[in-house]
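Okay, so here's the structure we're looking at.
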Amino acid sequence: MAETPNRPLSPHLQIYKPQITSVLSITHRATGVVLSLGVVLLVAWLMAAAAGPQYYEAAQACAGSWVGYLFLFGFSVCLFYHLLNGIRHLFWDAGHGFELETVTRTGLAVLVGTVLLTVIAWVLGLTVMGKL
Amino acid sequence: MNNRKLGPSKTGTSHWWHQRLTAIALIPLVLFLVGLLPNMAGATYREFTALMQIPITPVVLLLLVCAGLYHMKLGLQVVIEDYIHNECVKMALVVSLTLFTFFLAAAGIVSIIMLAA
């Protein structure tokens, strides 16, 4: 900020040791940005489907490629993380779970839950698709 | 909600509040999407359009796209406001984000309705 050069600055991020609180917090934001890309692609996919069979087939070919699967897997990890940590945020908004010990415990629960939900969703999903 | 309608702008908490409302709405909607995706993933065009003829699919997809895009817009706006310090650039990005969100909403809604019709 060129117009206010002498204002005091808070210490830079690199000064702090990464902690579960801060790391999970920035991960919430990062996964949110990735999910935004996912919504854009979902709308693009719907537009392709509405445009007709040949566009639908092209979109399905993209989604079914290994790059498509890689993105879908990353998308699902981000989705479950953002979902679980978002619920954690809603509890904070209601005034619950601020004790340091609880914050650490719910943070770990979010991480474990993300792994579990991702595995369950992919096992069930691939079974439904007949690929497992 | 004691602070509702207070303060000079009268709507100071609406951004925060709408972010939470859409968050709550998105919990069941997102779970529906997770259930829907495997059914969509391998589907032929005929199978997919058949799925869209069942009212619950387009209805939930509409709600998901609308709540999801609004939640996205509110979230990305905060990211822009946090990291972009040049007022002009910030303003341009937030306006672009808003217009892009409206475009995506219109495109998504029209596509879903076309597929369900």
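Taken in order, these protein sequences are the chains called A and B. So that you can map any letter, position 14 of the first sequence is 14 in the numbering used here, and since no number is skipped, the others follow by simple counting. Numbering-wise, the numbering used here comes out as the position in the second sequence, counting from 1, plus 132. Cβ atoms here follow ideal geometry from the backbone N, Cα and C, with glycine treated the same way. On a predicted model such as this, the values are computed, not experimentally measured, just so you know.
Relative to the C-alpha of residue i, which residue among the options is closest?
{"i": "L37/A", "options": "F164/B, M204/B, N218/B", "result": "M204/B"}
{"i": "L195/B", "options": "Q151/B, A157/B, R152/B, H147/B", "result": "A157/B"}
{"i": "V43/A", "options": "L193/B, T230/B, D214/B, W148/B", "result": "L193/B"}
{"i": "L41/A", "options": "A248/B, G240/B, A249/B", "result": "G240/B"}
{"i": "Q151/B", "options": "G130/A, E99/A, I87/A, V123/A", "result": "I87/A"}
{"i": "G289/B", "options": "I188/B, R178/B, Y177/B, L236/B", "result": "The structure shown has nothing for residue 289/B, since chain B only spans 133 to 249."}
{"i": "V34/A", "options": "G74/A, M129/A, S65/A, F98/A", "result": "G74/A"}
{"i": "T114/A", "options": "L13/A, W66/A, V77/A", "result": "V77/A"}
{"i": "L161/B", "options": "I186/B, V191/B, R178/B", "result": "V191/B"}
{"i": "N85/A", "options": "S65/A, L13/A, H12/A, G32/A", "result": "G32/A"}
{"i": "I20/A", "options": "L111/A, L9/A, Q60/A", "result": "L111/A"}
{"i": "L169/B", "options": "L108/A, H82/A, L72/A, L117/A", "result": "L72/A"}
{"i": "K222/B", "options": "M172/B, L165/B, V210/B", "result": "V210/B"}
{"i": "T104/A", "options": "S25/A, I15/A, P8/A, N6/A", "result": "S25/A"}
{"i": "T127/A", "options": "A249/B, N171/B, F232/B, V242/B", "result": "N171/B"}
Please compile the residues from chain B whose C-beta is within a distance smaller than 7 Å of the C-beta of residue i.
{"i": "G125/A", "result": "L169, P170"}
{"i": "G86/A", "result": "A155"}
{"i": "V115/A", "result": "Under the 7 Å cutoff, chain B gives no residues; its nearest Cβ is about 15 Å from V115/A."}
{"i": "P53/A", "result": "Y177"}
{"i": "A109/A", "result": "Correct list: empty, because the minimum Cβ distance to chain B is about 16 Å."}
{"i": "V43/A", "result": "V197, L236, A239, G240"}
{"i": "G161/A", "result": "Because chain A in this structure spans residues 1 to 132, residue 161/A falls outside the shown range and cannot be described."}
{"i": "R29/A", "result": "V211"}
{"i": "L13/A", "result": "Near L13/A there are no residues of chain B at all, since even the closest Cβ is about 12 Å away, more than 7 Å."}
Between residue i and residue j, which are expected to be in contact by the criterion C-beta below 8 Å, what is the C-beta distance as a whole number of angstroms?
{"i": "L79/A", "j": "I244/B", "result": "About 20 Å separates the two Cβ atoms, so there is no contact after all."}
{"i": "T154/B", "j": "Y202/B", "result": "5 Å"}
{"i": "L132/A", "j": "V123/A", "result": "7 Å"}
{"i": "L229/B", "j": "I212/B", "result": "7 Å"}
{"i": "G97/A", "j": "T106/A", "result": "6 Å"}
{"i": "L247/B", "j": "A49/A", "result": "6 Å"}
{"i": "P53/A", "j": "Y215/B", "result": "About 42 Å separates the two Cβ atoms, so there is no contact after all."}
{"i": "F180/B", "j": "Y56/A", "result": "7 Å"}
{"i": "H147/B", "j": "L208/B", "result": "So it is not a contact: roughly 12 Å between Cβ atoms."}
{"i": "L183/B", "j": "A175/B", "result": "7 Å"}
Provide the residue span of the alpha helix (DSSP H) that contains residue i, from first to last.
{"i": "Q209/B", "result": "188 to 215"}
{"i": "F73/A", "result": "66 to 93"}
{"i": "A175/B", "result": "It is not in any alpha helix (DSSP H) - A175/B carries neither H nor E in the DSSP assignment."}
{"i": "M47/A", "result": "20 to 51"}
{"i": "I120/A", "result": "100 to 128"}
{"i": "G240/B", "result": "219 to 248"}
In chain C, which residues lie with their C-beta within 8 Å of the C-beta of residue i?
{"i": "E57/A", "result": "Absent from the structure is chain C; the protein chains it does hold are A and B."}
Note down, in chain order, every chain A residue with its Cβ under 7 Å from the Cβ of residue i.
{"i": "I244/B", "result": "L46"}
{"i": "L201/B", "result": "V39"}
What residues from chain B crowd round residue i, counting only those whose CB sits closer than 8 Å?
{"i": "V128/A", "result": "P170, N171"}
{"i": "L90/A", "result": "R152, A155, I156"}
{"i": "S36/A", "result": "M204, G207, L208"}
{"i": "A121/A", "result": "V166"}
{"i": "V97/A", "result": "Correcting the residue type first, residue 97/A is Gly in the shown sequence and not Val. Correct list: empty, because the minimum Cβ distance to chain B is about 16 Å."}
{"i": "A63/A", "result": "A173"}
Which chain A residues sit within Cβ distance under 8 Å of residue i?
{"i": "G144/B", "result": "Those do not exist, as G144/B stays about 16 Å from chain A at its closest Cβ, beyond 8 Å."}
{"i": "L247/B", "result": "L46, A49, A50"}
Listing by chain order, which chain B residues have their CB less than 9 Å from the CB of residue i?
{"i": "L132/A", "result": "Those do not exist, as L132/A stays about 11 Å from chain B at its closest Cβ, beyond 9 Å."}
Query raised in the report: Whole beta strand (DSSP E) runs in the stretch 142 to 167 of chain B with 3 or more residues, listed along the chain?
Result: none
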